[in-house]
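Residue numbers (my numbering), protein chains in the order written: chain A, 54 to 359; chain B, 300 to 487.
A short write-up of the structure that comes next.
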């Protein structure tokens, strides 16, 4: 059967089903259609009427009863959500404001970037030069140096970085697998940092700041001692470089100490005043205190009558 | 449902904001087709009422998730809920058959006497049983056409087919149903 015929046939089925259900005889309805469709209509129309009989409407009592039940449930749900609905409405209205919307977007983006930065910085704290996150740590250290506004701050920043290189070297040296390339890179960075530290300490000292060189020397001494300990426990692949680094750090430490000694005023022997009138019995008490660092305890009486 | 598209959309929006009167209005506009849709599938009127109530209770609780804003989309959503509820009811019946499936207490066609009434009821059970053996699409088309009185375009929207495809489905569905009824001895 062609589609066009199919369309007409089904229209005829629907029309006859309607008329038959309303009480008209099937033959009377079929008589209105071409003979070629009548056999098919005679089969399909009663079937369609059978389906029509399945349809019945709800009773008004049921409709009212269900409506009451639904309204009760709606009240319960509204009470349940009531505490939130006011906020929700306010937020929706606020969200519609274009200025607030733009501000919200900026805040969300800014917050995301800050969170990302903080997260990356935190994640990079324990990284080593063979990790991609190490660049984040280097950028942070570079920024720290750039933001150091005076000599003391510069010395402090370089001291922290040298301490960080020391910690990294200890971490690498303690690892079960030797990583000579990482040790080499960290050692070079440590030397560069130590050079900057010495230079900044000297500059501070020239300006009369004696605290900065002392701190720099202490940092170098601590770093050197730690590297020496790490070298003793390090595998053969990395031990020579660590020993060399310890020597380089010691050399810079000496630079600071020698300079400090040069700048320190020479200790003059106490002058002995000529006694204008020598007495017959010169006093045995020394006129100048000994320069020795040892302190002699004052003698206490041992035989005291009890 | 007589209201225009905008009015329906406004009612749906208000119902989503827990406006009880808006939901009641939507209910009054849709309860008859939903009831007829369910009644075409189940035998007992009590069960039809229970399932219709389940459909609207689920709709009330889930209306926040309704995306449609027009009457056609609303009805499609309600029929979808009804299909779930019918499937659940059938599953419960087969898992714990506490009562005969064929019980029918609702005489639909006027009957002259007890014998004729019984014959009518048997016939309706046979028709529903045969309907259950059709494909889902065929059954949907027959219900849209003869229970909900939808035209081709509306039926096409409901089943997600073109109007031409609906006509072909319609024809095949009636032929299949007629064959099943003959095999069941329900028609001559």
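Virtual Cβ for every residue (Gly too), placed ideally from N, Cα, C.
From a predicted model like this one, the values you see are computed outputs, not experimental measurements.
- The alpha-carbon separation between residue 307 of chain A and residue 268 of chain A amounts to approximately 14 Å.
- Not a single CB atom of chain B sits nearer than 8 Å to the CB of residue 209 of chain A.
- Residue burial annotation: residue 434 of chain B is exposed, with fewer than 16 other C-beta atoms found within 10 angstroms of its C-beta.
- Residue environment for residue 200 of chain A: exposed (fewer than 16 other C-beta atoms within 10 angstroms of its C-beta).
- Residue B:439 holds the alpha-carbon nearest to the alpha-carbon of residue 375 of chain B among B:439, B:347, B:466 and B:481.
- Chain order gives no chain A residues near residue 449 of chain B, where near means a beta carbon separation below 8 Å; the closest approach is about 11 Å.
- Under the Cβ criterion (8 Å, minimum of three pairs), the stretch 321-330 of chain B does not count as touching the stretch 77-96 of chain A.
- DSSP, reduced to helix, strand and coil, places residue 75 of chain A outside both helices and strands of the structure shown, so it counts as coil.
- DSSP places residue 342 of chain B outside both helix and strand once states are collapsed to three, so it counts as coil.
- Within the stretch 63-91 of chain A, contact with chain B at the beta-carbon level (separation under 8 Å) is assigned to 63, 66, 67 and 70.
- At a beta-carbon threshold of 8 Å, the residues of chain B lying near residue 130 of chain A are 317, 359 and 360, ordered along the chain.
- For residue 285 of chain A, same chain residues with a beta-carbon under 7 Å away, outside a window of 5 residues either side, do not exist.
- Taking 8 Å as the cut-off, the beta carbon of residue 480 of chain B is found no closer than this to the beta carbon of residue 417 of chain B.
- For residue 225 of chain A, the closest alpha carbon among the candidates A:175, A:239, A:215 and A:86 is that of A:239.
- A Cβ of chain A is located within less than 8 Å of the beta carbon of residue 351 of chain B.
- The DSSP-derived three-state label of residue 444 of chain B is helix.
- With the criterion set as a beta carbon lying under 8 Å from some beta carbon of chain B, the members of the stretch 88-112 of chain A are 96, 97, 99, 100, 101, 103, 104, 105, 106, 107, 108, 109, 110 and 111, in sequence order.
- In this structure, residue 206 of chain A sits away from residue 266 of chain A, with a CB-CB distance that is not shorter than 8 Å.
- Within the stretch 411-424 of chain B, contact with chain A at the beta-carbon level (separation under 9 Å) is assigned to 419, 422 and 423.
- Interface criterion not met: the Cβ of residue 384 of chain B is under 8 Å from no Cβ in chain A.
- Residue 228 of chain A carries a coil assignment under DSSP once its states are collapsed to helix, strand and coil.
- Judged by DSSP secondary structure, residue 262 of chain A falls outside any alpha helix (DSSP H); it is assigned neither H nor E.
- Rounded to whole angstroms, the separation of the alpha carbons of residue 477 of chain B and residue 429 of chain B is 9 Å.
- In this structure residue 393 of chain B is exposed. Its beta-carbon is surrounded by fewer than 16 other beta-carbon atoms within 10 angstroms.
- Counting along the chain, the unbroken alpha helix (DSSP H) around residue 371 of chain B starts and ends at 370-394.
- For a Cβ distance threshold of 8 Å, nothing in chain B lies close to residue 114 of chain A: the least Cβ distance comes to about 10 Å.
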